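Enquirer: Mind having a look at this structure? Questions to follow.
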Amino acid sequence: MSENPFEVLKEDMENEEVYLKVNAMHRVKVVATLLGNDKIKSQLIPYFESLLKKEDDEVLFALAEELGNIAQIIPNQSSCLLPLLEQLAGFDETVVREQAVRSITIVCGFLADNEIANTIVPMILRLASNDTNFTCRVSAVSLMCPLYARAGNQKEKIRQKFTELCSEETPMVRRAVATKIGEIAQFMDKIHVIQDLIPVLKQLCQDEQDQVRLLCMESLMNIAKILNSGENKTNILPLIIQSAEDKSWRVRLALSKIFADLAEAVGKEIADSSLIQIFSNLLKDTECDVRVIAVKSLARFIKFVSPEKLNLIVPLLQLLSKDPFSQVKQNACEVIGQIATLLPKEYSQSKLQQYLIDLMADDNQDVRRNAAKSAGQFASAIGPEALNQFVPFLKKSMDDPKWRVRKETMQTIIQLALTVKNPDVFNKQLESVFVMFLKDRAAEVRSMGLSQLPALIATYKQEWAVGNFLSKCVETLSKDVGSLYRINALYAIQQISFSVDGPVAQDRLWPIVQKCLKDPVPNIRFVSIRVAKSLSKKIDNQQTLNQIKQAINELIEDPDRDVKFYAQEALQN
Amino acid sequence: MNNKAASSKQTPAVRQQPQAAATASQNRTPQPIIQNMARVTDPKHVPKEIRDQFLKKIHFCSQPYDFNDDTKNVKEKQERSQYLQELFDLLKEPNFVVNLVVPHLDLIIEMIEKNIFRPLPILKKTATNGEIGMEDDDQLIDPAWTHLQPVYEYFLQLIVNEQPDVKSLKIFITHSFIQEFLELFDSEEPREREYLKNILHRLYAKLVPRRKMIRKAINDCFYTLIHETYKFNGAAELLDILASIISGFAVPLREEHVIFFKTVIIPLHKVQTCQFYHEQLLRCSMLFLSKDPTLATFLVEGLLRYWPFANSAKEVMFLNELLEVLEVCEISKLEPLIPKLFKRLIKCIAGPHLQVADRAMCFFENDYFLTILKSYKPFTFPLLVPVIAQIADTHWHKVLQESLNALKTILKEIDYQAFDKALNNKDPKYLYIIQDAKNQKKDRQKIEEKWKNLTKQAIQKNPNFKEPIVPYSDTHIVGEHNGLNNGNITIL
Chain G
1 MSENPFEVLK EDMENEEVYL KVNAMHRVKV VATLLGNDKI KSQLIPYFES LLKKEDDEVL
61 FALAEELGNI AQIIPNQSSC LLPLLEQLAG FDETVVREQA VRSITIVCGF LADNEIANTI
121 VPMILRLASN DTNFTCRVSA VSLMCPLYAR AGNQKEKIRQ KFTELCSEET PMVRRAVATK
181 IGEIAQFMDK IHVIQDLIPV LKQLCQDEQD QVRLLCMESL MNIAKILNSG ENKTNILPLI
241 IQSAEDKSWR VRLALSKIFA DLAEAVGKEI ADSSLIQIFS NLLKDTECDV RVIAVKSLAR
301 FIKFVSPEKL NLIVPLLQLL SKDPFSQVKQ NACEVIGQIA TLLPKEYSQS KLQQYLIDLM
361 ADDNQDVRRN AAKSAGQFAS AIGPEALNQF VPFLKKSMDD PKWRVRKETM QTIIQLALTV
421 KNPDVFNKQL ESVFVMFLKD RAAEVRSMGL SQLPALIATY KQEWAVGNFL SKCVETLSKD
481 VGSLYRINAL YAIQQISFSV DGPVAQDRLW PIVQKCLKDP VPNIRFVSIR VAKSLSKKID
541 NQQTLNQIKQ AINELIEDPD RDVKFYAQEA LQN
Chain Z
1 MNNKAASSKQ TPAVRQQPQA AATASQNRTP QPIIQNMARV TDPKHVPKEI RDQFLKKIHF
61 CSQPYDFNDD TKNVKEKQER SQYLQELFDL LKEPNFVVNL VVPHLDLIIE MIEKNIFRPL
121 PILKKTATNG EIGMEDDDQL IDPAWTHLQP VYEYFLQLIV NEQPDVKSLK IFITHSFIQE
181 FLELFDSEEP REREYLKNIL HRLYAKLVPR RKMIRKAIND CFYTLIHETY KFNGAAELLD
241 ILASIISGFA VPLREEHVIF FKTVIIPLHK VQTCQFYHEQ LLRCSMLFLS KDPTLATFLV
301 EGLLRYWPFA NSAKEVMFLN ELLEVLEVCE ISKLEPLIPK LFKRLIKCIA GPHLQVADRA
361 MCFFENDYFL TILKSYKPFT FPLLVPVIAQ IADTHWHKVL QESLNALKTI LKEIDYQAFD
421 KALNNKDPKY LYIIQDAKNQ KKDRQKIEEK WKNLTKQAIQ KNPNFKEPIV PYSDTHIVGE
481 HNGLNNGNIT IL
């Protein structure tokens with residue numbers, strides 16, 4: 001039995017429910033594949049035409065998408081879909097329009113260049129000249145970008161129309177142009193960018209609507225990327241200056257957001273000579289949201305200016321690190337850490353260190369957290385000599401009431417220890433802070449320390465692990481602190497055991513674990529079983545092994561079910 | 001913590017102004033202008049000193065200050081309020097207005113523009129770590145409002161005043177002025193929006209040659225709301241103005257106004273924030289319909305098209321509007337919409353939300369609606385009767401069950417035979433609305449089977465054929481198909 005695919009589609013489209021119609025519409029490519037070229041043209045397209053007037057937006061949205069798929073089935077004749085798509089591109093509903101534009105672009109992919117010039121360009125111009133529906137003009141703007149490159153000798157017409165639309169009274173169209181002007185510039189010859197686009201960009205940057213000016217910012221950056229340094233200086237720089245003084249803080253915020261990319265786009269020379277000054281003003285903006293975003297960009301911005309110019313930014317950091325708004329300070333921490341890697345050591349130490357130390361004692365926990373994070377970067381940039389200044393403050397941070405701050409500090413300490421790689425410095429300065437994780441109140445901090453332990457042992461070797469560190473673990477175990485601390489210490493011992501040789505495990509570690517197997521708390525007993533098990537893998541001495549086995553064996557009759565379970569499990573293997 | 005840090009940027013030029021202001025305050029004459037003016041014998045020739053004094057004060061009021069920080073420029077701000085009061089008092093005397101205000105309208109309008117045309121602040125809630133779950137209903141107040149209010153009041157009185165005539169005013173009311181003015185309607189400060197509304201209303205009334213331009217600018221504002229931003233604080237106020245504009249339209253309506261109705265008024269219903277301005281929107285719609293009842297069918301069509309999804313409060317509003325609009329419709333014109341209309345009503349009645357169902361039941365208390373129902377009996381009975389009969393037996397709510405039974409009686413009374421025939425119809429086409437999902441799936445089986453076969457054939461024909469993915473299925477979320485991040489979703 002063979003169904004007529006077109007009839008099935010029509011039957012399903014008769015359905016009452018919109019969602020079923022949408023589903024049916026998405027199956028159209030089944031129908032199209034089976035019908036073949038001729039019937040698509042003679043049956044399917046007229047049928048679609050009849051749907052345009054009566055169907056819901058959801059169905060038309062699906063139709064717009066599927067027309068793009070049908071184009072892939074009939075690549076050679078896909079231009080027959082264009083009249084439908086052109087109508088959809090003028091629809092009121094935004095999603096339908098945008099989908100139609102996407103599908104037209106797909107269709108164009110299958111067309112030859114002369115077809116583009118003969119059918120697509122006139123279509124775009126038709127849409128662009130539709131005076132009654134602004135939606136057509138907006139769609140035309142989106143279509144111009146991907147198709148400009150292939151418009152052949154019609155390019156000039158498109159350019160002309162595009163610039164015409166920039167002076168449009170309807171704000172919706174101006175907004176569309178402002179978003180797309182950077183994109184279309186990528187496809188144009190440089191001379192046209194400068195002759196045609198720059199003047200309208202200037203005009204849009206002075207638009208009476210702040211929304212339009214705001215949208216220009218992204219485009220500004222994209223155009224700056226294609227121009228060379230001299231062209232940027234004459235064309236783009238004045239616009240940046242003007243936007244930085246815009247009366248709407250929304251525009252200044254949008255500019256702050258892209259400032260780092262802008263600096264990258266215009267190159268070091270302009271960034272050094274002009275942008276630093278402009279950016280300084282944004283960093284001092286009266287609107288706190290602008291400052292927050294500006295400081296955020298600053299961390300990237302400093303990479304695009306010459307190091308010798310950075311001293312212009314340093315004084316600002318003093319201001320920013322004392323900002324009344326905590327989010328500004330939060331972001332400033334990151335910048336201080338970053339900038340220290342670019343500045344001469346002595347300079348950062350004398351100018352910036354104090355700010356960072358102050359920020360570590362801020363009222364806001366997020367600021368303290370970021371400060372602790374940046375302290376690591378700062379200290380490793382300056383080198384071991386800075387450490388003794390920082391360590392007291394890091395130690396203080398480890399007493400912070402907020403565990404997030406302590407966790408960040410712990411991470412910083414570990415990072416520093418791993419980068420310094422100097423046992424002397426480590427023993428004198430960092431170790432005492434590091435071992436604080438053993439006694440921390442928050443599980444997050446304890447497990448953070450634990451997780452990095454293997455790396456530290458790899459760096460500072462067995463001597464440290466079974467020396468100082470082990471004694472700290474023992475201290476924790478022997479003191480009658482909570483069982484969770486003792487479990488943590490046991491796990492630390494397990495970590496040590498992975499990196500020591502047999503005799504050490506036997507003589508130094510086993511006696512400790514042996515004691516713990518008799519702990520009054522069941523949880524410690526079963527953790528001890530697990531640690532004992534990993535010890536046994538290291539130890540060769542049969543006598544000790546028997547000891548371990550026996551000790552575990554005693555726990556098989558333990559009153560606690562879990563201990564019993566782990567004891568049995570350990571003995572089985 | 002200073003969360004409400006200054007929001008208006010001070011340009012370098014502004015920073016110098018406190019100085020300029022200080023010199024101005026030294027030179028000022030202690031006497032208010034109005035008293036000096038009162039002594040002038042020939043009002044047509046205002047002495048230069050008084051004129052200068054007047055201009056100086058206008059200039060002073062044009063200076064922007066940081067109104068968000070009460071501790072800055074306290075003295076200047078006080079002086080400014082005093083001057084504004086003086087300027088305001090001058091408007092009370094027609095003589096002064098003619099001879100002093102009207103000749104300097106350019107400077108006065110500039111002063112007003114400099115004060116009110118500003119980037120709107122985002123009113124931030126102070127970071128109070130209130131208890132979780134506590135509703136924070138406090139109105140947010142723009143700290144600058146106390147300083148803006150006198151300017152708005154002055155502007156309003158200036159427009160209300162009869163002395164400045166249309167000719168002298170209209171040169172200042174340009175397209176860009178109106179556009180910037182309309183942007184202010186997005187202010188979160190309700191008192192500001194109230195002033196804006198009154199001023200724009202008076203301007204429209206007064207400046208006949210500018211009316212078309214104002215209407216167009218308002219149109220653009222609504223287009224932006226419908227197509228781009230989906231939220232605009234001043235929509236209700238603008239619709240208020242429109243209501244009075246619409247009531248002034250001549251009959252028959254011009255084509256331009258009909259297009260406005262179709263491209264603005266109807267699509268405004270679909271915006272997610274519709275409930276904030278629905279009352280005003282309804283008024284505008286009804287005014288349009290009173291001018292041209294034939295538009296009613298378009299509105300019914302629009303309402304059915306943009307019916308809310310998962311928003312029962314909005315559904316109740318739509319039902320209210322629908323009934324009102326139906327009463328204006330000519331019954332014969334409704335024919336193409338009848339299936340959609342009745343299906344929608346049935347869905348509302350059978351739906352899970354009691355208020356929606358209750359509201360939909362009210363339709364049957366309306367005589368005109370019953371006339372519609374009767375006129376399309378061959379269609380409405382087979383649709384309504386089986387469904388109503390079934391839910392009348394099974395509905396979970398007692399009150400609604402009673403009214404459903406009452407409805408059953410009404411339908412029976414209308415046409416006993418048609419009722420019986422519809423009730424005994426073995427294939428009630430629309431029962432699916434009240435069916436559960438399982439049964440619906442069974443009904444779909446046949447056609448799903450056909451699609452499966454066709455897909456197999458397509459794969460045979462073209463081995464590279466990829467099976468289509470349908471968005472609505474059990475294992476798939478529709479939002480994923482359409483892309484939840486397509487920017488078209490506003491979270492209220």
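Chains as they are written, first to last, in full-length UniProt numbering: chain G, 1 to 573; chain Z, 1 to 492.
Note that CB positions come from ideal geometry on N, CA and C, so glycine has one too.
Predicted model, so just to flag it, every value in this text is computed and none were measured.
Could you give the residue range of the alpha helix (DSSP H) that holds E110/Z?
Expert: 105–116
Enquirer: Quick one: list the residues of chain G neighbouring N462/Z, beta-carbon separation under 9 Å, in chain order.
Expert: Going along chain G in sequence order, the residues near N462/Z (Cβ under 9 Å) are T33, I73.
Enquirer: Could you run through the region 117–136 of chain G and flag, in chain order, every residue whose CB is less than 9 Å away from some CB of chain Z?
Expert: T132, N133, F134, T135
Enquirer: DSSP state of S473/Z, grouped into three classes?
Expert: strand
Enquirer: If you scan the region 357–412 of chain G from start to end, which runs of the alpha helix (DSSP H) of 4 or more residues do you find wholly inside it?
Expert: 365–382, 384–397
Enquirer: Whole angstroms are fine: how far does the CA of N553/G sit from the CA of V531/G?
Expert: 15 Å
Enquirer: Three or more beta-carbon pairs under 8 Å between the region 170–181 of chain G and the region 125–138 of chain G, yes or no?
Expert: yes
Enquirer: So, with DSSP's three-state summary, where would you put I313/G?
Expert: coil
Enquirer: Assuming I302/G contacts L312/G (C-beta within less than 8 Å), just tell me the rounded distance between them.
Expert: 11 Å between Cβ atoms; not a contact.
Enquirer: Leaving out five residues before and five after K374/Z in sequence, what residues of the same chain have Cβ atoms less than 7 Å from its Cβ?
Expert: Here the set comprises I414.
Enquirer: Got a sec: is the Cβ-Cβ distance from I447/Z to anything in chain G below 8 Å?
Expert: yes
Enquirer: Would you verify that the beta carbon of E208/G is, or is not, closer than 8 Å to some beta carbon of chain Z?
Expert: yes
Enquirer: By the 10 Å Cβ neighbour count, where 16 or more other Cβ atoms means buried, how is I132/Z classified, buried or exposed?
Expert: Its pLDDT being 42, under 50, I132/Z is placed unreliably by the model, and the measurement read from it follows with that caveat. Under this definition I132/Z is an exposed residue.
Enquirer: Less than 8 Å between the C-beta atoms of I104/G and A89/G, yes or no?
Expert: With a cutoff of 8 Å on beta-carbon distance, I104/G and A89/G are scored as near each other.
Enquirer: Counting only Cβ pairs nearer than 8 Å, list the residues of chain G close to Q179/Z.
Expert: P171, E208, Q209
Enquirer: Find the residues of chain Z that neighbour V22/G, judging by a C-beta separation of less than 7 Å, and give them in chain order.
Expert: P471, Y472
Enquirer: Would you say D393/Z lies against chain G (beta-carbon separation less than 8 Å)?
Expert: no
Enquirer: So, under 8 Å CB-CB, L490/G and V527/G are touching, yes? Tell me the CB distance rounded to an integer number of Å.
Expert: 5 Å
Enquirer: Would P238/G pass as an interface residue toward chain Z - the criterion being a Cβ-Cβ separation below 8 Å?
Expert: No, P238/G lies away from the interface with chain Z (no Cβ there is under 8 Å from its Cβ).
Enquirer: With 8 Å set as the bound, which would you pick, yes or no: does the beta-carbon of R305/Z sit closer than that to a beta-carbon of chain G?
Expert: Chain G contact via Cβ: present.
Enquirer: Please tell me whether H26/G has its Cβ less than 8 Å away from any Cβ of chain Z.
Expert: yes
Enquirer: Kindly indicate which residue of P511/G, Q506/G, P522/G, A455/G has the alpha-carbon position closest to the one of G482/G.
Expert: P522/G
Enquirer: Alpha carbon to alpha carbon, what distance is there between Y83/Z and S25/Z?
Expert: Bear in mind that the predicted position of S25/Z carries a pLDDT of just 44, short of 50, making it too unreliable to give a figure here.
Enquirer: Contact criterion: CB-CB distance below 8 Å. Does T71/Z meet it with respect to chain G?
Expert: For T71/Z, the answer is no, since every Cβ of chain G falls outside 8 Å of its Cβ.
Enquirer: Q330/G lies in the alpha helix (DSSP H); which residues open and close that run?
Expert: 326–340
Enquirer: At the level of alpha carbons, what is the spacing between N37/G and E93/G?
Expert: 30 Å
Enquirer: Give the secondary structure of F309/Z by DSSP, where H, G and I count as helix, E and B as strand, and everything else as coil.
Expert: Looking at F309/Z - three-state DSSP - the assignment turns out to be coil, as it is neither helix nor strand.
Enquirer: Would you report the Cα separation of Q429/G and N388/G, rounded to the nearest angstrom?
Expert: 7 Å
Enquirer: Who are the near neighbours of P308/Z in its chain, counting only those whose CB is closer than 7 Å to its CB and skipping five residues on each side?
Expert: K314, E315, F318
Enquirer: By Cβ distance below 7 Å, which residues in the same chain neighbour N130/G in space, the five residues on each side in sequence not counted?
Expert: G90, C136, R137
Enquirer: In this structure, does DSSP put G248/Z in helix, strand or coil?
Expert: coil
Enquirer: Would you give the residue range spanned by the alpha helix (DSSP H) that P465/G belongs to?
Expert: For the sequence presented, residue 465/G should be read as Ala rather than Pro. Looking at the DSSP string, A465/G is not in any alpha helix (DSSP H), and its letter there is neither H nor E.
Enquirer: Only counting the same chain, and skipping five residues up and downstream in sequence, which positions put a Cβ closer than 7 Å to that of F261/Z?
Expert: F288, L295
Enquirer: Measuring CB to CB, does S397/G end up less than 8 Å from R441/G?
Expert: no
Enquirer: For the alpha helix (DSSP H) that Y148/G lies in, which residues bound it at each end?
Expert: 134–148
Enquirer: Considering only residues of the same chain and omitting the five flanking positions on each side of Q87/G, which have a CB-CB separation below 7 Å?
Expert: L52
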